[in-house]
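A.B. asks: Numbering (this note's numbering), first residue to last: 211 to 577. Quick reminder that beta carbons are idealized off the backbone N, C-alpha and C, glycines included. Because the structure is a prediction, the values reported are computed rather than measured.
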Amino acid sequence: MPYAHITGWGMAVPEQILTNDDLSKMVDTNDEWIRDRTGIRERRIVRENESTATLALGASLKALKVANLRPTDLDLIICSSSSPEYIFPATACLVQDQIGATKAGAFDLLAACSGFIYATNMAAQAIRSGSIKNALVIGSETLSRFVNWKDRNTCILFGDGAGAFILQASERPGGVYSAVMHSDGSGGDLLTLQGGGSKHPATEATIHQGKHFIEMDGKEVFRFATRVMAQATREALDAAGISLEEVDWIVPHQANIRIIEAAARGLKMPMDKFVVNLERYGNTSTASIPIAAVEAVEKGDIKSGDKLVMVGFGAGLTWGALTAEWTGPFPSKGHVHPEQYLIFGRVRSFVRRAIRFIEGIIFRREL
Ligand SMILES: CC(C)(COP(=O)(O)OP(=O)(O)OC[C@H]1O[C@@H](n2cnc3c(N)ncnc32)[C@H](O)[C@@H]1OP(=O)(O)O)[C@@H](O)C(=O)NCCC(=O)NCCS
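Okay, structure coming up:
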């Protein structure tokens, strides 16, 4: 049975920074309160010309470059997001088109902030079953577009960004060893974005009622998160037969430093084993785990051979954890320049649209 190795990684965050001081000019809050209660100092916010798909594309190109993998070699693209470009088509298909991943299947996955764990597990399972060889897993969010900037309970928390992994098959042991995924829909009302779905399609009334904004019971979500982080980590480690002592890094969902500290206490692990970067990005939902992992690899903290646990929780309620041994790129010849595939992707997309247009005229005549 092949193993699913993580051979490429990339992240993309908007340039625009929103600090706690900036927020204090928008709502009744202050830097000290936000840092004390959350650990967040600043977050990145998209500009008008940026979106979930542009961030996803940026992260994906970097991941392909690290893996030295051609987009045309991808079999599967999963984009995890709670703020997709559209309800449909899937953001994954937009990325597929732009990078010219001609033979990849593509779909979006929604498991809120646990989405990247779920998506990586799905891709790893597809590789381990032998049905595919190469997968691109993306976590991308622009939750700033759904935040009520007048609600101090939520607007201080979230930020925008994307992270991506390339997963590849190899007979050599390593990569993703185990994962656990959990849900409890009875807590669905604790964190919601109700507007724009089939129950509350956009109308003047839904906009007036603020249904297109994130709503959250912060205290309950906090309680839930502190309960499940350590528990899911232990479960995933048990499933992989790895002991806590063998773990080099925990990459937790970056929601609140106090939640991460509670997980560290629950696991009796020192905080320096936890990858933390939420002070600079806030909670980027499904993108937070890959962004934290990418930064830790680029800093030289996470190295080839290291054993790590990624663990997250979010709306749904959902939670999960995944264990992996970090691999790094497979040895390969030549250099793939994924940017060049953007040009190829654009030309290919244009040609396919043109063919569809011409076929449309011919077909209409035949009718
Ligand atoms: C949101 C969160 C930071 C609030 O922290 P908290 O310690 O629970 O704070 P509380 O809601 O109890 O509020 C305490 C006080 O601060 C006030 N307050 C709330 N938000 C504030 C803000 N942004 N700035 C200043 N004061 C604020 C409250 O009104 C309250 O005042 P009161 O005591 O006079 O009533 C915290 O509950 C949390 O992080 N929850 C988890 C959220 C999460 O992770 N969501 C994403 C899941 S993926």
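1) Do Phe523 and Ala435 come within 7 Å of each other at the CB atom, strictly closer than that value?
2) Considering only heavy atoms of ligand 1, does any lie closer than 6 Å to the CB of Trp243?
3) Measure the Cβ-Cβ separation of Ile287 and Leu377 and say whether it is below 7 Å.
4) State whether the segment 467-483 contacts the segment 496-511, with contact taken as three or more CB pairs (one from each stretch) at a distance under 8 Å.
5) Quick one: any contact between the segment 237-246 and the segment 559-577, if contact means 3 or more CB pairs under 8 Å?
6) Measuring only the C-alpha atoms, how far is Arg490 from Cys365?
7) May I ask you to report which of helix, strand or coil DSSP gives Gly315?
8) Taking the alpha-carbon positions, what's the Met578 to Asp427 distance?
9) Using 8 Å as the cut-off, can you tell me whether the segment 348-360 makes contact with the segment 379-390, which would need three or more C-beta pairs spanning the two stretches below that distance?
10) Look at Glu425 and Thr402 and say whether their C-beta atoms are less than 7 Å apart.
11) Which residues does DSSP list as the beta-bridge partners of Cys289?
12) Among the candidates Gly220, Pro212, His215, whose CA atom is the shortest distance from the CA of Ile501?
13) Is Trp459 helix, strand or coil by DSSP?
14) Which one or two residues does DSSP pair with Ile216 in a beta bridge?
15) Quick one: any contact between the segment 215-229 and the segment 260-278, if contact means 3 or more CB pairs under 8 Å?
16) Looking at Ala374 and Ser495, is the spacing between their C-beta atoms short of 7 Å?
17) Could you please give the first and the last residue of the uninterrupted alpha helix (DSSP H) stretch that includes Gly538?
18) Suppose contacts are defined by Cβ-Cβ distances below 7 Å. Is Ser293 in contact with Thr262 by that definition?
19) Could you tell me if Thr616 is buried or exposed, where buried requires 16 or more neighbouring beta carbons within 10 angstroms of its beta carbon?
20) Kindly identify the DSSP beta-bridge partner or partners of Ile227.
21) Is it right to say Tyr328 is buried, meaning 16 or more other beta carbons lie within 10 angstroms of its own, or is it exposed?
22) Going by DSSP in three states, Met332 sits in which element: helix, strand or coil?
23) Have a look at Gly515 and Leu532 and give me their C-alpha separation to the nearest angstrom.
24) CA-CA distance, Pro548 and Thr264?
25) List the endpoints of the continuous beta strand (DSSP E) containing Gly385.
26) Mapping the DSSP letters down to three states, classify Ala531 as helix, strand or coil.
27) Using 6 Å as the cut-off, classify the Cβ of Val461 as near or not near the heavy atoms of ligand 3, replying yes or no.
28) Is any heavy atom in ligand 1 found nearer than 6 Å to the beta carbon of Gly407?
29) Kindly indicate which three-state DSSP category Lys517 falls into: helix, strand or coil?
30) Tell me the DSSP bridge mates of Gly451?
31) Per DSSP, what kind of secondary structure is Gly492 in: helix, strand or coil?
32) Any heavy atom of ligand 1 inside 6 Å of the beta-carbon of Gly395?
C.D. replies: Reading off the structure:
1) Numbered from its first residue, the sequence shown carries residue 435 at position 225. Numbered from its first residue, the sequence shown carries residue 523 at position 313. Yes, Cβ-Cβ distance for Ala435 and Phe523 is below 7 Å.
2) Walking along the sequence shown from the start, residue 243 turns up at place 33. Yes, ligand 1 has a heavy atom inside 6 Å of this Cβ.
3) Here residue 287 is taken as the residue at index 77 of the sequence shown, counted from 1. Here residue 377 is taken as the residue at index 167 of the sequence shown, counted from 1. No, they are not a contact pair.
4) no
5) no
6) For the purposes of this step, residue 490 is taken as the residue at position 280 of the sequence shown. For the purposes of this step, residue 365 is taken as the residue at position 155 of the sequence shown. So the two alpha carbons sit approximately 15 Å from each other.
7) As a working note, residue 315 is residue 105 in the sequence shown. Strand.
8) Missing from the structure shown is residue 578; the chain here goes from 211 to 577 and no further.
9) no
10) In the sequence shown, counting from the first residue as 1, residue 425 sits at position 215. In the sequence shown, counting from the first residue as 1, residue 402 sits at position 192. The answer is yes: Cβ separation under 7 Å.
11) One-based indexing of the sequence shown puts residue 289 at position 79. BP columns for Cys289 point to Asp318, Ile348.
12) If you number the sequence shown from 1, residue 501 lands on position 291. Comparing Cα-Cα distances from Ile501 to each of Gly220, Pro212, His215, the minimum goes to Gly220.
13) Translated into the one-based positions of the sequence shown, residue 459 becomes position 249. Trp459 falls in the strand class under three-state DSSP.
14) Walking along the sequence shown from the start, residue 216 turns up at place 6. Answer by DSSP bridge pairing, in chain order: Leu377.
15) yes
16) The sequence position of residue 495 within the sequence shown is 285, counting from 1. The sequence position of residue 374 within the sequence shown is 164, counting from 1. Result no, Cβ atoms of Ser495 and Ala374 do not sit closer than 7 Å.
17) Counting from one through the sequence shown, the residue named residue 538 turns up at place 328. Segment: none, Gly538 is in no alpha helix (DSSP H) and carries neither H nor E.
18) Counted from its first residue, the sequence shown places residue 293 at position 83. Counted from its first residue, the sequence shown places residue 262 at position 52. In this structure, Thr262 lies closer than 7 Å to Ser293 by Cβ.
19) The displayed coordinates of the chain run from 211 to 577. Any statement about residue 616 would go beyond what the structure contains.
20) In the sequence shown, the residue the question calls residue 227 occupies position 17. Looking at the DSSP assignment, Ile227 forms a beta bridge with Arg254.
21) The residue you call residue 328 lines up with position 118 of the sequence shown. Counting Cβ neighbours within 10 Å, Tyr328 comes out buried, since at least 16 surround it.
22) Within the sequence shown, residue 332 is the residue found at index 122, counting from 1. Of the three classes helix, strand and coil, the one that applies to Met332 here is helix, per DSSP.
23) Your numbering for residue 515 matches position 305 in the sequence shown. Your numbering for residue 532 matches position 322 in the sequence shown. Cα to Cα, the separation comes out at about 16 Å.
24) For the purposes of this step, residue 548 is taken as residue 338 along the sequence shown, with counting starting at 1. For the purposes of this step, residue 264 is taken as residue 54 along the sequence shown, with counting starting at 1. Each residue's Cα considered, the two are about 15 Å apart.
25) The residue labelled residue 385 in the question sits at position 175 within the sequence shown. That run of the beta strand (DSSP E) goes 385-393.
26) As a position in the sequence shown, residue 531 is number 321, starting the count at 1. Strand.
27) For ligand 3, the structure offers nothing, since it holds only ligand 1.
28) For this step, residue 407 is matched to residue 197 along the sequence shown. No, since every heavy atom of ligand 1 falls outside the 6 Å radius drawn around the Cβ of Gly407.
29) As a position in the sequence shown, residue 517 is number 307, starting the count at 1. The answer is strand: DSSP assigns Lys517 an E or B state.
30) As a working mapping, residue 451 is identified with position 241 in the sequence shown. None, per the DSSP bridge assignment.
31) Here residue 492 is taken as the residue at index 282 of the sequence shown, counted from 1. Correct three-state label for Gly492: coil.
32) Here the question's residue 395 lines up with position 185 in the sequence shown. Gly395: no, Cβ never under 6 Å from ligand 1.
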